[in-house]
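Residue numbers (the working numbering): 6 to 309.
Shown next, in the form of structure tokens:
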């Protein structure tokens with residue numbers, strides 16, 4: 006299986022051509038344009054380990070505008086033993102969770118693909134259980150000088166399409182790690198990312214469990230929105246990063262990042278329906294300490 010790469014120098018041209026061609030909207034039997042992967046390049050902020058590339062679209066910029074801190078007064082730091090630091094907590098919703106209608110109702114006559122209307126397709130943009138907020142990205146914004154970053158995992162990660170939904174809704178992929186774009190549905194899907202740094206616009210054929218491999222060569226500042234032009238309600242987020250110290254919140258809003266080297270750290274907390282929950286959350290911890298911090302988001306800020 007050959008991995009597809011395209012040099013960064015052609016990124017802008019490919020995206021511009023896509024705008025004229027109607028990205029991914031053509032014949033579902035077409036394999037689509039080659040997968041684009043950008044070259045490595047230095048960040049404008051040498052201290053930002055996420056690459057700090059400029060937001061890719063005006064929509065991205067609007068979604069990621071700065072917001073007041075929603076964290077508690079300060080983290081709780083306890084001695085739990087060991088050689089590293091653990092960062093954990095929960096992200097919760099203040100008020101009643103927004104009740105969002107299904108994106109596609111079962112049996113909808115306006116949807117041509119039977120697999121997409123066998124069941125309701127829920128709106129996954131504000132998922133969670135109880136007061137927990139799922140699919141929140143907690144990731145390194147800046148780390149201490151001299152920290153050795155572990156090697157990129159050789160095992161790939163997968164972005165699947167099942168029941169005309171992306172699975173998972175939120176995920177990380179390391180720079181240099183293989184991302185496999187799969188399709189568990191019996192119909193074609195299109196994977197298109199809203200990014201100028203790492204654009205993808207690729208048809209994924211029905212029942213493709215081998216997957217189309219993509220390797221990111223540059224980190225992003227904020228999670229990349231992923232859509233399917235053939236089924237326009239489909240949406241998810243993933244984030245290429247250079248470090249392993251990241252987490253996506255579970256359905257109850259909880260997260261835990263272990264194995265963090267001691268020192269002064271800066272994290273970002275971000276959600277697709279809100280943008281920045283915390284653009285810059287900082288703490289300093291010594292070996293064997295656990296840092297616990299909860300974050301909250303008003304329910305009114307999770308509806309568009």
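Beta carbons: idealized from backbone N, C-alpha and C, even for Gly. Remember, predicted model here, so these are calculated numbers, not experimental data.
Residue 229 beta carbon less than 8 Å from that of residue 198: Counting from 1 along the chain shown, the entry for residue 198 is found at position 193. Counting from 1 along the chain shown, the entry for residue 229 is found at position 224. Between residue 198 and residue 229, the C-beta spacing is below 8 Å.
Alpha carbon of residue 226 to alpha carbon of residue 112, nearest angstrom: As a first step, residue 226 must be located in the chain shown, where it is residue number 221. As a first step, residue 112 must be located in the chain shown, where it is residue number 107. Near 40 Å, if we compare the C-alpha coordinates of residue 112 and residue 226.
Residue range of the beta strand (DSSP E) that includes residue 186: Against the chain shown, residue 186 aligns to sequence position 181. Here the beta strand (DSSP E) through residue 186 covers 183-186.
Same chain, Cβ closer than 7 Å to residue 158, neighbours up to 5 away in sequence not counted: What you label residue 158 is simply residue 153 of the chain shown in a count that begins at 1. Closer than 7 Å at Cβ, skipping near neighbours: 179 and 182.
Where residue 189 sits in the DSSP three-state scheme: The count along the chain shown starts at 1 and reaches residue 189 at position 184. Note: residue 189 maps to coil in three-state DSSP.
Extent of the continuous beta strand (DSSP E) to which residue 245 belongs: Along the chain shown, one-based indexing puts residue 245 at 240. Element bounds for residue 245: 240-246.
C-beta atoms of residue 299 and residue 95 nearer than 8 Å: For this step, residue 299 is matched to residue 294 along the chain shown. For this step, residue 95 is matched to residue 90 along the chain shown. Yes, Cβ-Cβ distance for residue 299 and residue 95 is below 8 Å.
Rounded C-alpha distance that separates residue 97 from residue 302: Here residue 97 refers to the residue found at position 92 when the chain shown is read from its first residue. Here residue 302 refers to the residue found at position 297 when the chain shown is read from its first residue. Rounded to the nearest angstrom, the two C-alpha atoms are 6 Å apart.
From 282, 270 and 247, residue whose alpha carbon lies closest to that of residue 156: By one-based count along the chain shown, residue 156 stands at place 151. Closest option to residue 156, Cα to Cα, is 247.
Where residue 130 falls: helix, strand or coil (DSSP): Translated into the one-based positions of the chain shown, residue 130 becomes position 125. DSSP places residue 130 within a helical segment (H, G or I) once states are collapsed to three.
Short Cβ contact (8 Å threshold) for residue 223 with residue 202: If you number the chain shown from 1, residue 223 lands on position 218. If you number the chain shown from 1, residue 202 lands on position 197. Yes; because the gap between Cβ atoms is below 8 Å, this pair is in contact.
Top-ranked residue by Cα proximity to residue 237, from 170, 293, 147 and 140: Taking the chain shown and counting its residues from 1, the one referred to as residue 237 is at position 232. The option with the nearest alpha carbon to residue 237 is 170.
C-beta atoms of residue 193 and residue 208 nearer than 8 Å: Taking the chain shown and counting its residues from 1, the one referred to as residue 193 is at position 188. Taking the chain shown and counting its residues from 1, the one referred to as residue 208 is at position 203. Pairing residue 193 with residue 208 gives a Cβ-Cβ distance under 8 Å.
Coil, strand or helix - residue 159 by DSSP: Taking the first residue of the chain shown as 1, we reach residue 159 at position 154. If DSSP states are grouped into helix, strand and coil, residue 159 belongs with coil.
Straight-line Cα distance separating residue 296 from residue 38: Here residue 38 is taken as the residue at index 33 of the chain shown, counted from 1. Here residue 296 is taken as the residue at index 291 of the chain shown, counted from 1. Interpretation of residue 38 is limited by its pLDDT of 33, a score under 50 that renders its predicted location unreliable; the figure taken from the coordinates is listed afterwards. Cα to Cα, residue 38 sits roughly 45 Å from residue 296.
The region 253-267 touching the region 112-122, judged by at least three CB pairs closer than 8 Å: Taking a contact to require three or more Cβ pairs closer than 8 Å, the region 253-267 and the region 112-122 do not qualify as touching.
Counted within 10 angstroms of its Cβ, other Cβ atoms place residue 167 as buried (16 or more) or exposed: Within the chain shown, numbered from 1, the residue matching residue 167 stands at position 162. Burial is judged here by how many other beta carbons sit within 10 angstroms of a residue's own beta carbon; residue 167 has fewer than 16 and is exposed.
C-alpha gap between residue 311 and residue 185, whole angstroms: The displayed coordinates of the chain run from 6 to 309. Any statement about residue 311 would go beyond what the structure contains.
Rounded C-alpha distance that separates residue 27 from residue 285: Residue numbering aside, residue 27 sits at position 22 when the chain shown is read from its first letter. Residue numbering aside, residue 285 sits at position 280 when the chain shown is read from its first letter. Legend: pLDDT at residue 27 = 36, less than 50; position of this residue unreliable, value from coordinates given subsequently. Spanning the two alpha carbons is a distance of roughly 37 Å.
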